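Participant:
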Amino acid sequence: MADIDAAGYLPINTVPAGPDSIMASMIDEGGFSCYWASVGGDVVAWLGQVGMDTAAWDAQQSELIAAGFTESDDPIPGTLQGVRSGDDYPTLVNDGGVTYYVSTPSFLTSVAALQNGI
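Per the UniProt record's numbering, the sequence shown starts with residue 1, numbered consecutively.
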């Protein structure tokens with residue numbers, strides 16, 4: 001992810017507060033998560049990925065919208081953006097049966113698997 005490398009973030013093994021509920025459910029469903037921290041450790045970036053068919057994504061999307069996420073086509077059509085909280089701006093998109101979860105919308109443009117949709 002070019003944005004993360006350019007920002008000088010370093011990979012970390014655990015997040016002090018643990019994964020949020022969205023990431024935890026993705027992991028429970030067989031997905032994976034990656035985390036990076038700024039050099040000072042005060043900013044954490046994340047990427048989660050899990051296979052999710054259309055029915056499961058539709059259900060997840062409905063839950064997220066009910067919880068305050070908004071639909072956007074930025075940076076990828078079908079993006080869902082959560083409420084910004086400090087440096088965190090939780091964002092999800094489902095593309096080709098895979099759901100991606102990132103800490104800020106701009107990180108979606110760095111996910112190689114999504115390059116054709118941008």
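For every residue, glycine included, the Cβ atom is placed at its ideal position computed from N, Cα and C. Predicted model, so just to flag it, every value in this text is computed and none were measured.
#1: Would you mind stating whether Leu-64 and Ser-72 have Cβ atoms separated by less than 9 Å?
#2: Got a sec, what are the start and stop residues for the beta strand (DSSP E) Ser-33 sits in?
#3: Take the Cβ of Val-102 as the centre, count every other Cβ of all protein chains shown within 10 Å, and call the residue buried at 16 or more, exposed below.
#4: For Glu-46 and Met-26, which I take to be in contact (beta-carbon distance under 8 Å), what is that distance rounded to the nearest angstrom?
#5: Let me know the beta strand (DSSP E) ranges lying completely inside the stretch 65-118, each 3 residues or longer, listed in chain order.
Facilitator: Let me spell this out:
#1: no
#2: 32-37
#3: Label assigned to Val-102: buried.
#4: According to the sequence displayed, residue 46 carries Trp and not Glu. Not quite, the Cβ-Cβ distance comes to about 11 Å (not below 8 Å), so this is no contact.
#5: 70-72, 79-81, 91-95, 98-102
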